[in-house]
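Data block below; observations after.
Residue numbers (our numbering), protein chains in the order written: chain R, 23 to 132; chain H, 14 to 194.
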C-alpha cells in the first residue's frame, strides 16, 4: 500500500472542509430566501394623487376620452379634504384590471 | 477553531435574518396611514335626510338600525387602501354597527380588494360603479363615512383614517343620545 503524501492529505481535507462550509452557506442562503423571498400579493396598480389606477395615464389622453364609452369614474379626497381627484378607468371592467384599457386622473386643491 | 468560528458566524447570520424577519413582520402590522393628525370634512353633495328606497341584501340590517355607520371605500381610491389596511387590524365590534360599501368598476376587482384587506369581516356590499350609493345617497367619492339613524342619512364625512373614524363614532353616539334615539 502506497501512503499518500502529507501535502495531498491536507489538500483533500481542505476540499472537504470547503464543501461543508459551502453547504452551510447554501443552507443559510436558502433560509434567507425562504424568509425574505415571499413576495406580497402582486399589486400592479399605480398611485396618482389619491387615485389607485390600473395604468399610468398616457400623455395625450384626456378625462373626456376616458369617460367616452364604458368607464368607471370615482372621486377621492385627501389632505384634510383639500385635495380632490377624479379617477377614471376606461374599459369593459368585466375582470379586474385586465378589462381596463386606459386610466386617467385629474386633481385640484380647494 | 475554524469550525467553531464558522458555526458562530452562521448563528450570527441566522440571528440577523430572524431579526430582520421580525422587523418586517412588525412593520407590516403597523397602520399605513401617512397622515398623523386625524381629520374629517363634510361631504356637501351628500343627500342628508335621505332614506334608501331599497337596500341591498348585504346591508338589509342597516335599514332599521337605530344608529349605524357605513363606510364608502373604492378600489380606485388610494387613500382607501390605507384605511382598508388599518381596518384589517380593527375589531369590527369596536366601532359600533359598521358596514362597508365598496365601490368598484369590476366585482372581481372588488372581491380581490375585499379579500386582501379582510373587509368581509364587516357587513360588506360590493357596489358596482358605485351605482347604489350614488343613487340613494348622492355620494360618489371616498373615503366617506355615512352616519345613519333608523336608516336615514344624518351626515356624510370624508375622513383620514380609523382614529378619525373613532371620533365620528363618538360624535354620532352623542347626537343619537341627544336626539333620544
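For each residue, glycine too, the CB sits at the ideal point set by N, CA and C.
Proximal residues of chain R, C-beta to C-beta of residue 52/H below 8 Å: For residue 52/H, the neighbours in chain R by C-beta distance under 8 Å run, in chain order, 102 and 103.
Can you tell me which of the three DSSP states residue 19/H falls into? Looking at residue 19/H - three-state DSSP - the assignment turns out to be helix.
Under the three-state DSSP convention, the category residue 96/R falls into: Three-state result, residue 96/R: strand.
What's the gap between the Cα of residue 60/H and the Cα of residue 168/H? Their Cα atoms are separated by approximately 9 Å.
Exposure of residue 118/H, with buried meaning 16 or more beta-carbon neighbours within 10 Å: Note on residue 118/H: 16 or more other CB atoms within 10 angstroms of its CB, so buried under the neighbour-count rule.
Figure out for me which residue from 165/H, 148/H and 155/H has the closest Cα to the Cα of residue 113/H. Closest option to residue 113/H, Cα to Cα, is 155/H.
Exposed or buried, what is residue 135/H when buried is set at 16 or more other beta-carbons lying within 10 Å of its beta-carbon? Residue 135/H is buried by the Cβ-count criterion.
Chain-ordered neighbours of residue 125/H on chain R, where CB pairs are closer than 8 Å: Result: 118.
Is the Cβ of residue 116/H closer than 8 Å to any Cβ of chain R? At least one CB atom of chain R sits nearer than 8 Å to the CB of residue 116/H.
Take residue 153/H and list the residues in its own chain whose beta-carbon comes closer than 7 Å to its own, dropping the five residues that flank it on each side. Excluding residues within five positions, the ones whose Cβ falls inside 7 Å are 143 and 147.
Residue 88/R versus residue 140/H: straight-line alpha-carbon distance, rounded: Here the alpha carbons of residue 140/H and residue 88/R stand approximately 21 Å from one another.
Note down the Cα distance separating residue 162/H from residue 182/H, rounded to an integer number of angstroms. CA-CA distance, residue 162/H to residue 182/H, rounds to 12 Å.
Would a check of beta-carbon distances place residue 123/R closer than 8 Å to chain H? No, residue 123/R lies away from the interface with chain H (no Cβ there is under 8 Å from its Cβ).
Can you confirm whether the segment 68-77 of chain R touches the segment 24-39 of chain H when touching is taken to mean that 3 or more C-beta pairs between the two stretches lie within less than 8 Å? They do not touch, by the three-pair rule.
Starting from residue 96/R, find everything on chain H with Cβ-Cβ shorter than 9 Å and list it in chain order. Those within 9 Å of residue 96/R in chain H are 87, 88, 89, 90, 116, 117, 118, 142, 143, 153, 154 and 155.
With DSSP as the reference, please indicate the residues paired to residue 161/H in a beta bridge. Beta-bridge analysis with DSSP links residue 161/H to 81/H and 166/H.
Interface partners of residue 94/H on chain R, CB under 8 Å: Close partners of residue 94/H in chain R (Cβ separation under 8 Å): 74.
For residue 57/H and chain R, any beta-carbon pair shorter than 8 Å? Not a single C-beta of chain R is nearer than 8 Å to the C-beta of residue 57/H.
Three-state class that DSSP yields for residue 110/H in the structure shown: Residue 110/H: coil per DSSP, three-state reduction.
Residue nearest to residue 35/R in terms of C-alpha spacing, selected from 36/H, 15/H, 23/H and 80/H: Residue 35/R has its Cα closest to that of 15/H, out of 36/H, 15/H, 23/H and 80/H.
Taking 8 Å as the CB-CB limit, is residue 88/R close to chain H? Judged by the 8 Å Cβ criterion, residue 88/R is not in contact with chain H.
Should residue 36/H go down as buried or exposed, given a rule of 16 or more other Cβ atoms within 10 Å for buried? Its Cβ having fewer than 16 others within 10 Å, residue 36/H is exposed.
Taking C-beta to C-beta, are residue 109/H and residue 132/H nearer than 8 Å? Between residue 109/H and residue 132/H, the CB-CB gap reaches or exceeds 8 Å.
Using the three-state DSSP reduction, which class does residue 126/R fall into: helix, strand or coil? Looking at residue 126/R - three-state DSSP - the assignment turns out to be strand.
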